[in-house]
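Residues are numbered in our numbering as their position in the sequence shown, beginning at 1, plus a constant of 26.
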Amino acid sequence: MTPDVRDRAERPPRIDFSNGAAGAIPESAWDRTLRLIGKADEIALACHVTPDGDALGSMLAVAFVLRSMGKRVVASFGDRHFAVPRLLRFLPGQEMLVPPAEYPAAPELLITFDTSTFERLGLLSDNAARAREVVVVDHHPSNAGFGTLGLIDATAAATAVLAEELIYRLGGRLDRDIATCLYAGLVTDTGSFRHSSTTPAVHEMASRLVATGLRTDEIARELWDRSPFAYLKVLAAALDRATLEDGLVWTYITRVDRAAYGLPYAELEGIIDIVRRTDEAEVAVVLKEDDQGSWQVSTRSKGTVDVGAACAALGGGGHHNAAGYTSHDSVEDTMTAFRRQLRKA
Ligand code: 5GP
Ligand code: MN
Numbered sequence: 027m028t029p030d031v032r033d034r035a036e037r038p039p040r041i042d043f044s045n046g047a048a049g050a051i052p053e054s055a056w057d058r059t060l061r062l063i064g065k066a067d068e069i070a071l072a073c074h075v076t077p078d079g080d081a082l083g084s085m086l087a088v089a090f091v092l093r094s095m096g097k098r099v100v101a102s103f104g105d106r107h108f109a110v111p112r113l114l115r116f117l118p119g120q121e122m123l124v125p126p127a128e129y130p131a132a133p134e135l136l137i138t139f140d141t142s143t144f145e146r147l148g149l150l151s152d153n154a155a156r157a158r159e160v161v162v163v164d165h166h167p168s169n170a171g172f173g174t175l176g177l178i179d180a181t182a183a184a185t186a187v188l189a190e191e192l193i194y195r196l197g198g199r200l201d202r203d204i205a206t207c208l209y210a211g212l213v214t215d216t217g218s219f220r221h222s223s224t225t226p227a228v229h230e231m232a233s234r235l236v237a238t239g240l241r242t243d244e245i246a247r248e249l250w251d252r253s254p255f256a257y258l259k260v261l262a263a264a265l266d267r268a269t270l271e272d273g274l275v276w277t278y279i280t281r282v283d284r285a286a287y288g289l290p291y292a293e294l295e296g297i298i299d300i301v302r303r304t305d306e307a308e309v310a311v312v313l314k315e316d317d318q319g320s321w322q323v324s325t326r327s328k329g330t331v332d333v334g335a336a337c338a339a340l341g342g343g344g345h346h347n348a349a350g351y352t353s354h355d356s357v358e359d360t361m362t363a364f365r366r367q368l369r370k371a
């Protein structure tokens, strides 16, 4: 494989999945995807609600390429309060986003990114239900297998890995904007190349992306190294009430905590990464109350416990070591139910 990006534009490489994923997606699925894209004039793209870097980055990267092929492209996510999370506002291509209300009601072809269940499409799940074809590009082991065609590889470190392959197969080439979107997905889902999913192939992909001239330092600062002052105060409250019990560390953040400092819900994403540092705990949980009063439960494992299975049993999903779900119960009842699932996991 050549490290020269210009070369690659003429000769799209076969992606080398050294993590053993080669062939995990059958050639027939890629072929059918290319045929569906080839004959569609308008292509609707969607990612999961409250998108992270992998969901939004993968979607926008593919949107750029489809647009350059002359397709009409609409991209969105189904949040009731439609807004790109502050952390991701640096991503290029946001002019291609439309709010759910402006999304085609019954798209001819809809492609989803990083979305493991129909429900994770939020408001767009109705549009997906009416779409003629729904191609699902995802890497969640818990993927429920919805849609009419799956490009699903649970061994891929990020959906961005699959998005890159789709781009090459479409004959697209990486420019700095596309690479920035893909890189946001890759660094988000590998925890800045720290998680066990960080294979040689991941670093090779990063190399291809960085070779376009993107600014790794600026992306890192946008994603992890800045926050409003209010974040410190809310974090302090969350850490103050952190509880350690039998290898489980957990805390919660109410909407009242946030309202006291005017902190938006999306700013809470990084708190789990601080809580999960705890040496004495194998599993970390952060309950985050959203603006509607539901609890979004973020869970992390250090490896021996499958939190993905526990969350899937509670109506959510995710990965072995990082998963989540929504609870409408009280903090106490939510934790009681989660502990019960942990004992089974
Ligand atoms: P986070 O804690 O960062 O929000 O989510 C961790 C992982 O769990 C991500 O891979 C995310 O896609 C998945 N996840 C979080 N919440 C849900 C949920 O409600 N349903 C499903 N299916 N997956 C979730
Ligand atoms: Mn992902």
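Where is the CB? At the ideal position from N, CA and C, for every residue including glycine.
Contact between the region 165 to 176 and the region 137 to 152 is established, with three or more Cβ pairs separated by less than 8 angstroms. Pairing Ile245 with Thr238, the inter-Cα distance amounts to about 14 angstroms. Closest by C-alpha distance to Ser253, out of Leu114, Thr360, Leu340, Thr362, is Leu114.
Of the candidates His346, Val333, Val91, the residue whose Cα lies closest to the Cα of Gly197 is Val91. When distances are taken from the beta-carbon of Thr352 to the heavy atoms of ligand 1, the shortest one is below 7 angstroms. The continuous stretches of alpha helix (DSSP H) do not include Val110, and DSSP gives it neither H nor E. At a cut-off of 4 residues, the continuous stretches assigned as alpha helix (DSSP H) that sit fully inside the region 266 to 296 are 281 to 285. Arg220 counts as exposed, since fewer than 16 other C-beta atoms from the protein chains shown sit within 10 angstroms of its C-beta.
Every residue whose Cβ sits closer than 6 angstroms to any heavy atom of ligand 2 is listed here in chain order: Asp80, Asp140, His165, Ala184, Thr185, Asp215. Here the alpha carbons of Tyr351 and Cys337 stand approximately 6 angstroms from one another.
For Ile245, no beta strand (DSSP E) run applies; the uninterrupted alpha helix (DSSP H) run containing it begins and ends at 242 to 250, by DSSP. If only uninterrupted alpha helix (DSSP H) runs of at least 4 residues are considered, those enclosed by the region 301 to 356 are 333 to 339.
Remark: the C-beta of Ala189 is outside contact range of ligand 1, defined as less than 7 angstroms to any heavy atom. Annotation for Gly176: the continuous beta strand (DSSP E) segment containing it runs 175 to 178. Of the other Cβ atoms in all chains shown, 16 or more fall within 10 Å of the Cβ of Ser223; this residue is therefore buried. In the assembly as shown, Leu294 is a buried residue. Its beta-carbon has 16 or more other beta-carbons within 10 Å.
Taking one beta carbon from each stretch, the region 296 to 308 and the region 119 to 129 have fewer than 3 pairs nearer than 8 angstroms; the two do not touch. Within a 10 Å sphere around the beta-carbon of Lys314 sit 16 or more other beta-carbons, which makes this residue buried. The beta carbon of Ser84 is closer than 8 angstroms to those of Cys73, Phe139, Asp140, Val163, Ala184, Thr185, Ala186, Leu188, Ala189, Cys207, Leu208, Gly211 in its chain, skipping five residues each way along the sequence. Of all alpha-carbon atoms in Val309, Val301, Tyr291, Thr325, the one lying nearest the alpha-carbon of Asp317 is that of Tyr291. DSSP places Asp80 in the helix class (H, G or I) of the three-state scheme. Between Ala339 and Gln367, the C-beta spacing is below 8 angstroms. The beta-carbon distance between Val75 and Val100, rounded to whole angstroms, is 17 angstroms. This is too long to meet the 8 angstroms contact definition. At least one heavy atom of ligand 1 is found less than 7 angstroms from the C-beta of Ser168. With contacts defined by Cβ atoms closer than 8 angstroms, Thr360 and Ser353 form a contacting pair. Check the Cα spacing between Gly273 and each of Glu191, Pro52, Arg326: the tightest is with Arg326. Residue burial annotation: Phe364 is buried, with at least 16 other C-beta atoms found within 10 angstroms of its C-beta.
With respect to Ala131, Arg156 sits close: the two C-beta atoms are nearer than 8 angstroms.
Taking Val357 as the centre and dropping the five residues before and after it, the same chain places the C-beta of Tyr278, Leu313, Trp321 closer than 8 angstroms to its C-beta, in chain order. Per DSSP, reduced to three states, the secondary structure at Arg98 is strand.
A residue is called buried when at least 16 other Cβ atoms come within 10 angstroms of its Cβ; Thr59 meets this threshold and is buried.
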